[in-house]
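I have placed the structure first, in the form of structure tokens, so that the comments after it can refer back to it.
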Amino acid sequence: MCKDFIAQQQHDARYGGRALVKVATTAMAFKSTPRGPGAKGFRPDEIVEMGWGYETPVGLFAQPYVRSAPLFIQDLFDHNLWEWKEFMALDVDNNTFAKEFDPSRVRNMLESRVMPAVPPTKHMMILLPSQTCIQTDGSRTISAVCFHCLYHFTLHIQANPGHDLCRVRTPTGGISSADAINGPHQLYLQFPTFEASSDESKYNPVLARGLYACISESCGLQVVVEVSAPRIDAKWINLLTDQERIKKRLEDLKVADPERFDIGPNEWHKAGLRQLVTYLKDLLDAADHGKEPRSLSKRNKRFEAVMGPEFYELFRFLEYQEFSRGEGDEEEHFFLQNLPEPCNTTTQPGSRRGFFEDVALESRIHGEREIFRSPSVPLNLDELNRSLAKRDFHIALDCNAYPSQSTNGALTYHFRFLGIMPDFHRKLVENACARLSAFSPDFKATFEDSMYTVARDTSGHLGLNTDFLRRAKAVVGQDNDDMFNETWGLAPSNIRRTDDEIITAVRKKLRDSPESIDITFDMLPVYAKSRGSKRLLRLVDWLPAQLPMPVDLAFDVLGARPDDSSKQLMLNAENRAKFAKAGIIANAMRSVARHREDPALSRQAEITEEGPITNPVGLENIGNTCYLNSIIQYLYTVKPIRKLVDDYAENKLEVDDMERRRIGGSKVKVQPVDLIIGQYFTGEALQTLFSQMTTIFRGPCAPSQGLANAVLLSSEQLLRLSKSDALPQVHAGMFPVPATNVRSTPPPLPARPTPAVPLKHTADTSAADDSDQPLIDLTEPSRSSSPTLMGDAASDRSFDQAKADAMEISEDDVPGTPDKDTSTIQAQGPDASAKVKDDVEMTDGETVASDDDNDTAANSTNSPEDPASDTEGLLRTLKVKHELTMIQQDVDEIMGRVLGLLQASIRPTSIEGDIQIETVMQTFFFKVIMRTVSYQNGDLKSRQETRTAEFFRNLTAYPAPDGPCTLYQALDNNFDREEIEGTTTSRYSSIESLPPILHVLVQRTKGDGTKNPNPVVIDDYLQLDRYMDAPEGSDLMYLRESSWALKKQRAALMERENQLSAMDNIHHPIMPNNDADDHMIGSEDSVTLETSDAAYRANGEFTLQQAGLTDDSADQRGAELLGFLVSDDDAESEQILTPQTPDSGDDAGDVRHTLQQDLNSVQLQLDSLFEGMNNYNYALHAVVCHSGSGRGGHYWVWIRDFEEKIWRKYNDTVVSEERDTRKLLDTLNSSGDPYFLCYVRDADKGDHVSVPKREPAGLD
């Protein structure tokens, strides 16, 4: 239903639903067929608002659109204020009055006989003189009624008293004179639905009200434009002008009362409207002259013959009251009016008196229209000319000096873009361009180009003005665009090309050369930005965000004409997709499909963009499930997982085997509820979805609600929901209304990082066989899979804090202390990880229990008999949408839950020691050895080592606290040697065995819950040799020790550089000083630096000792390592940096320069240390990305198709492609979006990952 019709319903309800106050009193005829554009105008549905501009059928316009006052009046009269939707929705062509009367005869005669210079416009405004006035405060009101459609137009104008900036002054010779110095008002729509305080009763039934303002702040002009409906219903006009009706009524009266109505020949049938006008005129005259109102007898012969009882309703609407006098046969019934207020000087529009004046003028106009219907009746055009209001509108808007000259056919796009009239003097054109550029600086270059085009290409006085062209050239300048001109097919020229020329050339290139489409759209953004042209940017602004392409450009891209058939468009698209990117061609088709409302073209656009029928499809987001969709799309490309799901019957864990099943290195028992959920998830929900993704003819697919519930809800939550109706549920498309809109909250980054490597090691060499830990769920994402390497739930999630937390160890925790067992530990038991607490407040307000608490909860809620007694109820609960399902989750947690459900539902394939191995562990889990080395009283011969082994499913990469870092730098904290302060103990970790697929979590959540957006620079390959376990004395171990030593040296150099920066705060230069002098600030500074330097050397010596190397070592590698730490020049190494007074001749910059050189040298050695080592080479397979903050955002995944040599972006339902790996990595490495990295062993990646080809059912 049309917006205005709804507004009118509200209006009718407010004022009692009066039958006579309808939309334009039946003047608004809302039709389903589109209304044709008016003169020089276009339909509202043809205008697209783009935030910064308007897209119209004739071109681009700035937003807000600005007109000069003369053009504003011209467009108001022509009903072409196209940016004002409510105004344009008024159907001035098809209302009752407009359809019944063709004003072309009047217009033609006015144009040819009386006012030949006045262009024909849609509205012919008849002035209401009594309602047009200037107030004492300088405000003005002008009121008029359209002769054509009977709409009322009222302008309330508030000006800044004394302001003279926007008043056109032409002292000699008119507007085209060189003396014209002032530009007119420049008006823009400030409020399209400006609310007035007065009631909108039948006196003033406003249909549209808008506020226009001048762009000059010092001017302050504001114009409130009101358009209101005709005051009198068309049916009364039709009855009063129906001469046959009046004749028949008079004949009937003669028959009924021949004596009374024997009046002989008469022309009462021609006087219906005149009689109404007479009544209204007498009413207003009586009010103005203080007379008594005349009564109107119902038995008046003329009244009874022309109007009669059916007009009683009209007179009641006109506020006549009914009275009677006399009795019996003498009783007389009559109407009597309560007089309106008199008109002293002016009448307030919308007042009661104004209402009667409005009705009187409308009646008079209808009478004149009746005269104009007859070609034989002479027309009083002079009187009509005097009543026209256009000149009064010019006076009211301070442009009376502007001549009323015809602009029909000359008001081209560039004049309209600048908001000017074609006969403006060049000074006014320059004035308009300058003021518009200041008001809308983003369009400055485009305004200037339009002025240049007007000066260069317009005929008439502007085009002949060489001075104007010279000045316009100086404004736009001369750009060097020969390279681009060649791309568009333009010959080199010394003349600056206008935007029109560029646009024409580009569109021709797109139409004629499909092989140039890609390069055109690659180069055009650069060129458009360099010129600053919004018109050129409009051709490409849809590219980055995949917005709809402008429809006219879409036809060019498809090489088609607007009238080509859909079949022809599809053929063109198929051919052009061979030369251009499928996304560009598909976007063009969607744009045309939207324009034509053609579903066939929409479907073909999807086919074009998706590519071959065998390409993968997207997944529907069923409520904050972008993270789940990303994980499913990724796991679908992992061959072992796909095979496990497809052949689930062969891998299924039966109930009888549940008691013997243990999961992961922690050997977690499978609870009955986990088995039920896991079997449903793997054998039904995931298996069905994988099958649909393979066989669906056209995507996207939708994960089932059961699959989402199994992953997004914990086993405990599902068990509670199956037994209680306490939590709201959503059934069969019925959604509850939660207290907060949880669906509107986007998915977050992890609520906390996963637990760190435990700091205490038990002497027990085997874990308990009967662990009752529950299956991994969303509250404990890494329970069955073991913690993510080097995370820490209770600590800051930052790069530096990860290392600092690892150093917090008490003396009692140091292996090698008396009474401690230092035997080798093969696997870590469950108690070790229980030391780490993980209490965090989740989004839904629940506090998630830590390991210790969950053990108790598991024993009480996950008892074997609970779910088994109502398996069907649990499965029913799984398949129903719950509010909790819509709460935001995190990719890492979802990955842990998915892998845990898979593990809980399958049998082990083998047993290594006491660890049950199955497909999930074989595919994703790796084994880490954590060594702790200590020395008794610093004696190198008393070296003791403790080894602990543990399985992990993720490596954790820590972004730098500020600025980018490489992936190796982000991973180093997991494996670098850490020395326990105040002890002779150190520890480090190594990878003992790697899986075929390795996951890396980029830990972006910081301690305060915010996101670390700093880039972690990734490459398409990752060499893990540097982190592999190696025996003491091996080449690899030597390189690792070298890297640790170099990092210590780098840390010491950075510390010395920080001390220099700190001493800068006392405003003294820093310089090397070998002989301290009297200018030293104080002994404390020197002692501090000496202590730091000594500590630097001591650290280096201790590092050598831990590596088993000394200054006298015969091992050449020891000598090399020593060279990293100790300078050959003892004097230089023992320099003390001392502060000097400002008059010292030395420069502290030299010291910093030397330090920077040393830092660069150390970093260069670090970067090259492991070059050429690629025995453990992994290829980047997938990248899960997160955009947004730590509290919420959106996930998507990039997955590499090694066979097709292409990357695909899976963004819920949309699947797009990128063939350039380097370009993709550059994009990923420039932001903080990458969050979860998936690598596959390069040597045999084809055995482990592939993107399945779709095989749609029934496809030949």
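Position 1227, counted from 1, in the sequence shown is what full-length UniProt numbering calls 1227; the numbers after and before it change by one each time, with no gaps. In this text, a Cβ means the ideal position worked out from N, Cα and C, and glycines have one as well.
Sorted by chain position, which residues of the same chain lie with C-beta nearer than 8 Å to residue i's C-beta, five sequence neighbours on each side aside?
i     : result
Q1163 : R1050
Q687  : V645, D646, Y648
I263  : K301
D1019 : L967, L1180, L1225
L675  : L653, V655, M658, A904, S905
L76   : H123, F153, V225, F393
I917  : P908, T909, S910, I911
N1058 : none
Could you tell me if residue i is buried or exposed, where buried requires 16 or more neighbouring beta carbons within 10 angstroms of its beta carbon?
i            : result
Y627         : buried
R698         : exposed
S363         : buried
R590         : buried
R535         : buried
N973         : buried
V48          : exposed
residue 1264 : Residue coverage of the chain in this structure runs from 1 to 1260, which leaves residue 1264 outside it and unanswerable.
I613         : exposed
K291         : exposed
A62          : buried
H999         : buried
Which residues share a DSSP beta bridge with residue i?
i            : result
I1199        : A1182, R1208
V1215        : Y1210
T56          : G59
L998         : Y1239
L1169        : According to DSSP, L1169 bridges with nothing at all.
R987         : T932, E978
residue 1311 : With the chain covering only 1 through 1260, there is no way to say anything about residue 1311.
R67          : L187
H152         : V145, S228
S297         : F334
Once you ignore the five residues that flank residue i on each side, which residues in its own chain have a CB closer than 6 Å to its CB?
i     : result
S942  : Y935, Q936
F415  : P422
V1214 : G618
A213  : Q190, Q222
Q158  : S139, Q222
W236  : L314
Y320  : F335, Q337
F447  : C433, L436, S437
Measure the beta-carbon distance from residue i to residue j and round it to whole angstroms, keeping in mind my assumption that it falls under 8 Å.
i     : j    : result
F191  : G220 : That belief does not hold up - the Cβ atoms of F191 and G220 are roughly 16 Å apart, past 8 Å.
R67   : G419 : 4 Å
L955  : L940 : Not confirmed; about 32 Å, so no contact.
F323  : K298 : Contact flag wrong, Cβ pair sits at about 10 Å.
F393  : I73  : 5 Å
A1182 : Y636 : In fact, because the Cβ distance is near 11 Å, the residues do not count as touching under 8 Å.
I584  : V551 : Incorrect: roughly 15 Å between the Cβ atoms, too far for contact.
Apart from the five residues just before and just after residue i, which ones in its own chain have a Cβ nearer than 7 Å to its Cβ?
i    : result
R594 : P548
K509 : W488, G489, S516, T520
Does the beta carbon of residue i sit closer than 9 Å to a beta carbon anywhere in chain B?
i    : result
N575 : Here there is only one protein chain, and chain B is not present.
#### Entry: contact_flag[the stretch 998-1018, the stretch 950-962] where n(CB pairs < 8 Å) is 3 or more
yes
### Task
Decide yes or no for the touch test of the stretch 71-82 against the stretch 121-134: beta carbon pairs closer than 8 Å, at least 3 of them.
yes
### Query
Does the pairing of the stretch 1174-1182 with the stretch 558-572 give three or more beta-carbon distances under 8 Å?
no
### Query
Given 8 Å as the limit, is there contact between the stretch 707-714 and the stretch 665-676, that is, 3 or more CB pairs closer than that?
no
### Message
Can you confirm whether the stretch 575-593 touches the stretch 504-524 when touching is taken to mean that 3 or more C-beta pairs between the two stretches lie within less than 8 Å?
### Response
yes
### Query
Counting pairs of beta carbons, one from the stretch 516-531 and one from the stretch 483-490, are three or more of them closer than 8 Å?
yes
### Query
Is the stretch 280-287 touching the stretch 236-254, taking contact as three or more C-beta pairs under 8 Å?
no
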